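Only one structure is covered here, and it is reproduced in the block below.
In the numbering used here, the protein residues as written are 27 to 232.
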């Protein structure tokens, strides 16, 4: 089976390796994403990524093909926080997150093709995150690490940003960008349990 991660995110690659899914290729999608106004838009972006990559891989020349894509968005009081354009915007985001709860949504889109059949599944995961109160000095230090500049919401839970997390309600991997429970359940539904466990044990091949 040919397995494709439709993402350029090193964090998503790390997550797949972490759960034992090692035999996969990386194919970053080139799509114009919707600026999310609602959680539904996050699902739309994930599906666009999966479809874009799937169509360009000439799927009917491959016996079995599995494409995995996801999209993550941060909302504070209904306001979307994307990746900051610069350090100034990162500082604005972090001040806004300080001592507040915010919501992280990650949509997962999976397309699976086997001879004579194409299946797909789209899910949406939600996690609530509470930041501790941040001082100006802490914010400036964090920005100086460079970590906030390529992260949705201007922080990475798997990096330095972890020290600012006071409480979490939901799934850690949803915040990181690829909810593994949903991925596992999706693979079981589209493939079957035996095949899924084989893939997570390093099987599947490319």
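Where a beta carbon is used, it is the ideal one built from N, C-alpha and C, also for glycine.
No experiment lies behind these values; they were computed from the predicted model shown.
Legend entry - Beta-bridge pairing of residue 154 - partner residues as DSSP gives them: Note: residue 154 sits in a beta bridge opposite 129, 195.
Legend entry - Simplified DSSP assignment, three categories, for residue 139: In the structure shown, residue 139 sits in a strand (DSSP, three-state: E or B).
Inset, instruction - Please determine, among 192, 76, 80, 125, the residue with the shortest C-alpha to C-alpha distance to residue 102. - result: Comparing Cα-Cα distances from residue 102 to each of 192, 76, 80, 125, the minimum goes to 125.
Inset, instruction - Report all residues from its chain with a CB closer than 7 Å to the CB of residue 80; omit the five preceding and five following residues, and keep chain order. - result: Excluding sequence neighbours, residue 80 sits near 93, 137.
Inset, instruction - Check whether the Cβ atoms of residue 37 and residue 184 sit closer than 8 Å, and answer yes or no. - result: Result yes, Cβ atoms of residue 37 and residue 184 sit closer than 8 Å.
Legend entry - Runs of alpha helix (DSSP H) lying entirely within the segment 201–229, each at least 4 residues, in chain order: The DSSP assignment places 206–216, 219–225 as complete runs of the alpha helix (DSSP H) inside the segment 201–229, in order along the chain (cut-off: 4 residues).
Legend entry - Extent of the continuous alpha helix (DSSP H) run through residue 38: From DSSP, the alpha helix (DSSP H) with residue 38 extends over 36–44.
Legend entry - Extent of the continuous beta strand (DSSP E) run through residue 170: Per DSSP, residue 170 belongs to no beta strand (DSSP E); it is in the alpha helix (DSSP H), 162–170.
Inset, instruction - For the beta strand (DSSP E) containing residue 102, list its first residue and its last residue. - result: Per DSSP, the continuous beta strand (DSSP E) segment holding residue 102 begins and ends at 91–102.
Legend entry - Beta-carbon proximity list for residue 158, same chain, < 6 Å, skipping 5 on both sides: Scanning its chain for C-beta atoms nearer than 6 Å, with the 5 sequence neighbours on each side dropped, one finds around residue 158 the residues 190, 192, in chain order.
Inset, instruction - Can you give me the start and stop residues for the alpha helix (DSSP H) that residue 66 sits inside? - result: Annotation for residue 66: the continuous alpha helix (DSSP H) segment containing it runs 65–82.
Legend entry - Minimum C-alpha distance to residue 140 - residue among 216, 47, 65, 187: Of the candidates 216, 47, 65, 187, 216 places its Cα closest to the Cα of residue 140.
Inset, instruction - Indicate whether the contact test is met: 3 or more Cβ pairs, each with one atom in the segment 199–208 and one in the segment 111–127, closer than 8 Å. - result: For the pair of segments examined, the segment 199–208 was found not to touch the segment 111–127: the number of CB pairs separated by less than 8 Å stays below three.
Legend entry - Where residue 219 falls, given that 16 or more other Cβ within 10 Å makes a residue buried: Residue 219 is exposed by the Cβ-count criterion.
Legend entry - Spatial neighbours of residue 196 in its chain, beta-carbon cut-off 7 Å, leaving aside the 5 residues before and after: Closer than 7 Å at Cβ, skipping near neighbours: 152, 153, 154.
Legend entry - Length of the line joining the Cα atoms of residue 87 and residue 58: In this model, residue 87 and residue 58 are separated by some 27 Å (Cα to Cα).
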